[in-house]
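Right, one structure below, let's go through it.
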Amino acid sequence: MASIKIRAKAKDGVTTVKTLMSHPMETGLRKDSKTGEKIPAHHITEVTAEHNGNVVMTANWGGAISKNPYLSFKFKGAASGDKIKISWVDNMGKGDSAEAAIK
Amino acid sequence: MNLLRRKFLKTATFVGAAVTVGAGALVPQRAIGAYMKAAFEAKDVNGALSASLGSDQHSASDAIKLKAPDIAENGAVVPVTVSSTMSNVDAISIVAEANASPLTSTYQLSAACEPYVSTRIKMGKTSNVIAVVKADGKLYSSTKEVKVTIGGCGG
Numbered sequence: 002m003a004s005i006k007i008r009a010k011a012k013d014g015v016t017t018v019k020t021l022m023s024h025p026m027e028t029g030l031r032k033d034s035k036t037g038e039k040i041p042a043h044h045i046t047e048v049t050a051e052h053n054g055n056v057v058m059t060a061n062w063g064g065a066i067s068k069n070p071y072l073s074f075k076f077k078g079a080a081s082g083d084k085i086k087i088s089w090v091d092n093m094g095k096g097d098s099a100e101a102a103i104k
Numbered sequence: 085m086n087l088l089r090r091k092f093l094k095t096a097t098f099v100g101a102a103v104t105v106g107a108g109a110l111v112p113q114r115a116i117g118a119y120m121k122a123a124f125e126a127k128d129v130n131g132a133l134s135a136s137l138g139s140d141q142h143s144a145s146d147a148i149k150l151k152a153p154d155i156a157e158n159g160a161v162v163p164v165t166v167s168s169t170m171s172n173v174d175a176i177s178i179v180a181e182a183n184a185s186p187l188t189s190t191y192q193l194s195a196a197c198e199p200y201v202s203t204r205i206k207m208g209k210t211s212n213v214i215a216v217v218k219a220d221g222k223l224y225s226s227t228k229e230v231k232v233t234i235g236g237c238g239g
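Protein chains in written order, with the working numbering: chain A, 2 to 104; chain B, 85 to 239.
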């Protein structure tokens, strides 16, 4: 299941990473319009970015990140062709990861 | 029969206590580098900042650029970009003041990272969005009001 899309581009020594993940990101506050019952919280809690095996960034997320989250960040010290790995874990213990080469 | 009931209650209490102790012992472990549950459960801005960045004392700074729309027509998707010209930035938190749990996200940046994050957040209603940057152990912030018009035809 490819739930993560990664675009990483190195320019002038700075790598810009853009990722899109597909996830419902339920806050736990929303109610089902038919039954009136609360929809349980289901959101990504942690996103980790690794460059050649070293963690460059960790994001802690609450339910207030939009559905199908977008995340972009920049870091130095990577060359084109290096691997960038993004992984996420949600509050139900599920997770996914994907790897892409830096352009 | 009564005795049996006593015994049962005693055992139940004991098990309950053991569970509580177990959970308590887990908390400090999770706090180090792990998911900051308490920070996201905090109901006010100061609580959220203390739990995520270790302090609620922050001063406004021009060195932080917070990019967010003036008017968000859809509160479910508000693009927010935080960047800074500071050095030694090791964490960034994005807070939506009026949300039920104000902390939207917090980012731990390694030394290789540029002080830049961009994401999309949800906002329940019009309020301030605060970007808090931790640099050299101190907190600096930048605030911007975002008007949320849900289901309307724009502002």
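Just so you know, even glycine gets a beta-carbon here, dropped at the ideal spot from N, CA and C.
Bear in mind the structure is a predicted one, so any value in this text is a computation, not a measurement.
Pick from A/V90, A/M58 and A/N92: whose alpha carbon is nearest that of A/K19?
For this step, residue 19 of chain A is matched to residue 18 along the first sequence. That would be A/M58, whose Cα lies nearest to the Cα of A/K19.
Can you name the residues of chain A whose CB is closer than 9 angstroms to the CB of B/K206?
Looking up residue 206 of chain B in the second sequence gives position 122. Per Cβ cutoff of 9 angstroms: M26, T28, G64, A65, I66, S67 and K68.
Which residues in chain B sit within 7 angstroms of A/K77, going by Cβ to Cβ distance?
Against the first sequence, residue 77 of chain A aligns to sequence position 76. What A/K77 touches in chain B: A196 and E198.
Taking 8 angstroms as the CB-CB cut-off, is A/L72 touching chain B?
Here the question's residue 72 of chain A lines up with position 71 in the first sequence. Chain B, which has a Cβ nearer than 8 angstroms to the Cβ of A/L72, makes this yes.
For chain B, check one thing: does any of its Cβ atoms lie closer than 8 angstroms to the Cβ of A/M93?
Residue 93 of chain A sits at position 92 when you count from the first residue of the first sequence. Cβ-Cβ to chain B under 8 angstroms: no for A/M93.
So does the stretch 175–193 of chain B actually touch the stretch 60–76 of chain A, counting three or more Cβ pairs closer than 8 angstroms?
Touching, per the Cβ criterion.
Which residues mark the beginning and the end of the alpha helix (DSSP H) in which B/E125 is found?
The sequence position of residue 125 of chain B within the second sequence is 41, counting from 1. Here the alpha helix (DSSP H) through B/E125 covers K121 to E125.
Please state whether the Cβ-Cβ distance between B/S240 and B/A182 is less than 8 angstroms.
Because chain B in this structure spans residues 85 to 239, residue 240 of chain B falls outside the shown range and cannot be described.
State the DSSP-derived secondary structure class of A/A102, mapped to helix, strand or coil.
Locating residue 102 of chain A in the first sequence gives position 101, counting from the first residue. DSSP places A/A102 in strand when its eight states are reduced to three.
Within-8 angstroms CB hit, A/V56 to chain B
Translated into positions along the first sequence, residue 56 of chain A becomes position 55. So, interface residue.
Assign B/G138 to buried or exposed, taking buried as 16 or more other Cβ atoms, counted over all protein chains shown, within 10 Å of its Cβ.
In the second sequence, counting from the first residue as 1, residue 138 of chain B sits at position 54. That one is exposed.
Would A/M26 pass as a contact of A/K68 if the rule is Cβ separation under 8 angstroms?
Position 25 of the first sequence, counted from the start, is the residue given in the question as residue 26 of chain A. Position 67 of the first sequence, counted from the start, is the residue given in the question as residue 68 of chain A. Yes, they are a contact pair.
Return the first residue and the last residue of the alpha helix (DSSP H) that A/L30 is part of.
Your numbering for residue 30 of chain A matches position 29 in the first sequence. No alpha helix (DSSP H) contains A/L30, which DSSP labels as neither H nor E.
What separation, rounded to the nearest whole angstrom, lies between the Cα atoms of A/K95 and A/V48?
Translated into the one-based positions of the first sequence, residue 95 of chain A becomes position 94. Translated into the one-based positions of the first sequence, residue 48 of chain A becomes position 47. The straight-line gap separating the alpha-carbon atoms of A/K95 and A/V48 is approximately 12 angstroms.
Does the CB of B/C237 have a neighbour CB from chain A at under 8 angstroms?
On the second sequence, position 153 is the one that residue 237 of chain B refers to. Here the model assigns B/C237 a pLDDT of 44, short of 50, so the residue's position is not dependable and the matter cannot be decided.
Cβ of B/A152 within 8 angstroms of any chain A Cβ
Reading the second sequence from its first residue, position 68 is the one you call residue 152 of chain B. So, not an interface residue.
Would DSSP call A/A65 helix, strand or coil?
Along the first sequence, one-based indexing puts residue 65 of chain A at 64. A/A65 falls in the coil class under three-state DSSP.
Distance check for A/D33 and B/S134, CA to CA, integer angstroms please.
Position 50 of the second sequence, counting from 1, holds the residue named residue 134 of chain B. Position 32 of the first sequence, counting from 1, holds the residue named residue 33 of chain A. Whole-angstrom Cα-Cα distance: 33 angstroms.
For A/G43, tell me which candidate among A/A50, A/K86, A/H24 and A/K35 has the shortest Cα-Cα distance.
One-based indexing of the first sequence puts residue 43 of chain A at position 42. The sequence as given places His at residue 43 of chain A; Gly does not occur at that position. Selection A/A50, A/K86, A/H24 and A/K35 evaluated against A/H43 yields A/H24 as nearest (Cα-Cα).
B/A196, DSSP secondary structure in three states
As a working note, residue 196 of chain B is residue 112 in the second sequence. Of the three classes helix, strand and coil, the one that applies to B/A196 here is coil, per DSSP.
Beta-carbon gap between B/K231 and B/A156 smaller than 8 angstroms
Position 147 of the second sequence holds residue 231 of chain B. Position 72 of the second sequence holds residue 156 of chain B. Yes, Cβ-Cβ distance for B/K231 and B/A156 is below 8 angstroms.
Within 8 angstroms (strictly less), CB to CB, does B/L187 reach chain A?
The residue given as residue 187 of chain B occupies position 103 in the second sequence. With 8 angstroms as the cut-off, B/L187 counts as an interface residue toward chain A.
Taking only beta-carbon positions, decide if B/Q141 is within less than 8 angstroms of chain A.
What you label residue 141 of chain B is simply residue 57 of the second sequence in a count that begins at 1. Chain A, which has no Cβ nearer than 8 angstroms to the Cβ of B/Q141, makes this no.
Could you give the first and the last residue of the continuous alpha helix (DSSP H) run that contains B/S242?
Coverage of chain B is limited to positions 85 through 239, which leaves residue 242 of chain B absent and any answer about it impossible.
Examine chain A for any beta-carbon lying closer than 8 angstroms to the beta-carbon of B/M170, and answer yes or no.
Counting from one through the second sequence, the residue named residue 170 of chain B turns up at place 86. So, not an interface residue.
How many whole angstroms separate the CB atoms of B/V162 and B/P153, which I take to be in contact at a CB cut-off of 8 angstroms?
For the purposes of this step, residue 162 of chain B is identified with residue 78 of the second sequence, where counting begins at 1. For the purposes of this step, residue 153 of chain B is identified with residue 69 of the second sequence, where counting begins at 1. Between B/P153 and B/V162 the Cβ distance is about 7 angstroms, and since that is below 8 angstroms, they are a contact.
Give every residue of the same chain whose Cβ lies closer than 6 angstroms to the Cβ of B/V217, excluding the five residues on either side of it in the sequence, and list them in chain order.
Numbered from 1 along the second sequence, position 133 holds the residue referred to as residue 217 of chain B. So the qualifying residues of the chain are I148, S168, V173, I176 and Y224.
Counting only beta-carbon atoms, is A/V15 nearer than 8 angstroms to chain B?
Position 14 of the first sequence, counted from the start, is the residue given in the question as residue 15 of chain A. It does: the Cβ of A/V15 has a partner Cβ on chain B nearer than 8 angstroms.
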